[in-house]
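Counting in our numbering, the sequence shown runs from 162 upward without gaps.
Working notes, beginning with the structure itself.
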Amino acid sequence: MKKYIYLSLGLALAFTVETKAQTYEAKVSKDSVGVLTARLEALKASQKIQELKIDEANKEAEVEKLRLKLLNANDKAKESAAKNSKHTDRLSGGAVVDIKETAKLAKKAKSDMQESQKALDRYNKQIKAVEKLRVEIQAEERKASYKKPTIVFDYK
């Protein structure tokens, strides 16, 4: 009889240990999960905004480089145009001028003008890219302002 009591007591103890091992109590409320998720989304939005601002800064640096190239190209085009103008003034004054030299100066002035136009196009294209990024940053900032995490106070 004592065997059966010890055996039943042992089985009861084994089942209670097994039942306690399978129970789980959540330490985070559903509201807390929502708040944490909202914070995570806000952080991701902030990270995206910061990455866009870094891209904008890189593109602005490129705009500055292109602006310097544009200024140099414009200076070369002005110098070539001035040389060509002087040469044509000599020609209209009746001076003897080499035709090959005239063609060479005209060709150089034309190519410098084309280079200046290409530099201007690249400069304008880069400015448009920066402006597009700025619009995208503003849109992301607006989206992020809607995702401000709400703080829930849980009094127990």
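We put the beta carbon where it would ideally sit given N, CA and C, even for glycine.
Note that the structure is a prediction, hence the values are computed from the model and not measured.
Next item on the list: Tell me, to the nearest whole angstrom, how far the beta carbon of Ala270 is from that of Lys230; I am working on the premise that it is less than 8 Å.
Entry: Between Lys230 and Ala270 the Cβ distance is about 19 Å, and since that is not below 8 Å, they are no contact.
Margin query: As a quick exercise: from Glu223, Phe176, Ala242, Lys214, pick the residue whose alpha carbon is nearest that of Leu294.
Written below: Restricting attention to Glu223, Phe176, Ala242, Lys214, the CA atom closest to the CA of Leu294 is found in Lys214.
Check: For Ser277, does the count of other Cβ atoms within 10 angstroms reach 16, so buried, or fall short, so exposed?
Finding: Counting Cβ neighbours within 10 Å, Ser277 comes out buried, since at least 16 surround it.
Notebook entry, point to check: So does the stretch 246-253 actually touch the stretch 287-305, counting three or more Cβ pairs closer than 8 Å?
Noted result: no
Next item on the list: Could you check what DSSP says for Glu276 in three-state terms: helix, strand or coil?
Entry: helix
Notebook entry, point to check: How long is the line joining the alpha carbons of Glu202 and Ile210, rounded to whole angstroms?
Noted result: One alpha carbon belongs to Glu202, the other to Ile210, and they sit about 12 Å apart.
Item checked: Distance, Asn245 Cα to Asp282 Cα -> 24 Å
Notebook entry, point to check: For Met274 versus Ala238, is the C-beta distance shorter than 8 Å?
Noted result: yes
Next item on the list: Taking only the alpha-carbon atoms, compute the straight-line gap between Ala264 and Asn233 and give it to the nearest angstrom.
Entry: Whole-angstrom Cα-Cα distance: 23 Å.
Next item on the list: Let me know the secondary structure DSSP gives Glu240 once reduced to three states.
Entry: helix
Checklist line | Cβ-Cβ separation, Val224 to Val291 (assumed contact under 8 Å), whole Å | finding: 6 Å
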